[in-house]
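Colleague: Numbering (this note's numbering), first residue to last: 4 to 229. We treat Cβ as the ideally placed atom computed from N, Cα and C, and that holds for glycine. Before I ask anything, here is the structure I am working with.
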Ligand code: PRP
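Rendered as structure tokens:
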């Protein structure tokens, strides 16, 4: 039996995904070694391989079939626009993609002014402003700490991820418009979906059951909290 390969976005999401996979019976003890620099982990018994990639590269590995499956944020899936199947919402890392800025920019959005938009996500920003809002804007690509842009006068607004909202609050910015909800998704290579359908479907079924069980436990625990 050939290896089924899973690309994981390295970081917190990979750890949480591995926790779910281990509950599904997959065994990769080396993955949890805090000192390891290994990028590929194998469960020989289950004939599965897992590798850690930069989040933005996960859809690429999956599209080209270097990985049969991948786990990555919806933001990356939208931004990369790869030919892959998105098959499951893991519900991890829930957050929102938003247009943010100082309150003084609200009117500029409302009146469809030709403003500057700084973002790490130019594809998502372009699609939102050009296709959904039909507003002509200038998009400026940044690589991080995007909240800086309106503060130092690079742009009127930003398109960025908002989770708790504390980065915005601490920098005097607000959510002005919401673009979409985000969370971690399972993606599958289009050929693997046909060739390895039975194994992939069985794994997804198990993951779905575990996620549903987790949610029930969380709901019950919340219900008990005074
Ligand atoms: C992300 C995002 C925001 C922040 C939002 O940044 O780009 O800056 O988290 O989280 P909050 O609403 O809980 O404050 P990240 O930490 O990934 O770093 P980056 O600025 O380099 O993108």
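Less than 7 Å between the CB of residue 163 and some heavy atom of the ligand PRP, yes or no?
Modeller: Numbered from 1 along the chain shown, position 160 holds the residue referred to as residue 163. Flag set: Cβ of residue 163 near the ligand PRP.
Colleague: Three-state secondary structure (DSSP) at residue 91?
Modeller: Counted from its first residue, the chain shown places residue 91 at position 88. DSSP places residue 91 in strand when its eight states are reduced to three.
Colleague: Would you say the beta carbon of residue 123 is closer than 7 Å to some non-hydrogen atom of the ligand PRP?
Modeller: Locating residue 123 in the chain shown gives position 120, counting from the first residue. Yes; taking the cut-off as 7 Å, the Cβ of residue 123 has a heavy atom of the ligand PRP nearer than that.
Colleague: Below 7 Å, is the gap between the Cβ of residue 149 and the nearest heavy atom of the ligand PRP?
Modeller: Residue mapping note: residue 149 aligns to position 146 of the chain shown, counting from 1. Yes - the ligand PRP has a heavy atom lying nearer than 7 Å to the Cβ of residue 149.
Colleague: If residue 106 sits next to residue 120, beta carbons under 8 Å apart, how far is it from one beta carbon to the other, in whole angstroms?
Modeller: Here residue 106 refers to the residue found at position 103 of the chain shown. Here residue 120 refers to the residue found at position 117 of the chain shown. 17 Å between Cβ atoms; not a contact.
Colleague: In whole angstroms, give me the CA-to-CA distance for residue 126 and residue 81.
Modeller: Within the chain shown, the letter at position 123 stands for residue 126. Within the chain shown, the letter at position 78 stands for residue 81. The alpha-carbon atoms of residue 126 and residue 81 are separated by roughly 8 Å.
Colleague: I'd like to check one pair, residue 176 with residue 112: are the Cβ atoms closer than 8 Å?
Modeller: If you number the chain shown from 1, residue 112 lands on position 109. If you number the chain shown from 1, residue 176 lands on position 173. No.
Colleague: Can you name, in chain order, every residue of its own chain whose Cβ lies under 7 Å from the Cβ of residue 92, other than the five neighbours on each side?
Modeller: Here residue 92 refers to the residue found at position 89 of the chain shown. Taken in chain order, the residues that qualify are 186, 188.
Colleague: Taking all protein chains shown into account, decide if residue 58 is buried (16 or more other Cβ within 10 angstroms of its Cβ) or exposed.
Modeller: For the purposes of this step, residue 58 is identified with residue 55 of the chain shown, where counting begins at 1. Residue 58 comes out buried.
Colleague: Between residue 170 and the ligand PRP, is the CB less than 7 Å from at least one heavy atom?
Modeller: Here residue 170 is taken as the residue at index 167 of the chain shown, counted from 1. Yes, the beta carbon of residue 170 sits closer than 7 Å to at least one heavy atom of the ligand PRP.
Colleague: Cβ atoms of residue 110 and residue 153: under 8 Å apart, would you say?
Modeller: Residue numbering aside, residue 153 sits at position 150 when the chain shown is read from its first letter. Residue numbering aside, residue 110 sits at position 107 when the chain shown is read from its first letter. Not closer than 8 Å, so no.
Colleague: In terms of DSSP beta bridges, what is residue 10 paired with?
Modeller: Within the chain shown, numbered from 1, the residue matching residue 10 stands at position 7. Paired residues: 54, 73.
Colleague: Round the Cβ separation of residue 157 and residue 26 to the nearest angstrom and send it over; I've been treating them as touching at under 8 Å.
Modeller: By one-based count along the chain shown, residue 157 stands at place 154. By one-based count along the chain shown, residue 26 stands at place 23. So it is not a contact: roughly 45 Å between Cβ atoms.
Colleague: Hey, is the stretch 30-41 in contact with the stretch 70-90, meaning 3+ C-beta pairs nearer than 8 Å?
Modeller: Verdict: no, contact absent.
Colleague: Would DSSP call residue 140 helix, strand or coil?
Modeller: Taking the first residue of the chain shown as 1, we reach residue 140 at position 137. Of the three classes helix, strand and coil, the one that applies to residue 140 here is coil, per DSSP.
Colleague: Please classify residue 181: does DSSP put it in a helix, a strand, or coil?
Modeller: Within the chain shown, the letter at position 178 stands for residue 181. Looking at residue 181 - three-state DSSP - the assignment turns out to be strand.
Colleague: Cα-Cα, which of 147, 148, 123, 115 is closest to residue 132?
Modeller: Looking up residue 132 in the chain shown gives position 129. The candidate whose alpha carbon is nearest that of residue 132 is 115.
Colleague: Whole angstroms is fine: what's the gap from residue 108's alpha carbon to residue 135's?
Modeller: For the purposes of this step, residue 108 is taken as residue 105 along the chain shown, with counting starting at 1. For the purposes of this step, residue 135 is taken as residue 132 along the chain shown, with counting starting at 1. The alpha-carbon atoms of residue 108 and residue 135 are separated by roughly 19 Å.
Colleague: If you compare alpha carbons, which of 97, 64, 24 is closest to residue 183?
Modeller: Position 180 of the chain shown, counted from the first residue, corresponds to residue 183. The candidate whose alpha carbon is nearest that of residue 183 is 97.
Colleague: In its own chain, which residues sit with a C-beta less than 6 Å from the C-beta of residue 229, not counting the 5 before and 5 after it?
Modeller: Taking the first residue of the chain shown as 1, we reach residue 229 at position 226. Low local confidence applies: a pLDDT of 43 at residue 229 is under 50, so the model's placement there is unreliable, with the coordinate-based value given in what follows. Closer than 6 Å at Cβ, skipping near neighbours: no residue.
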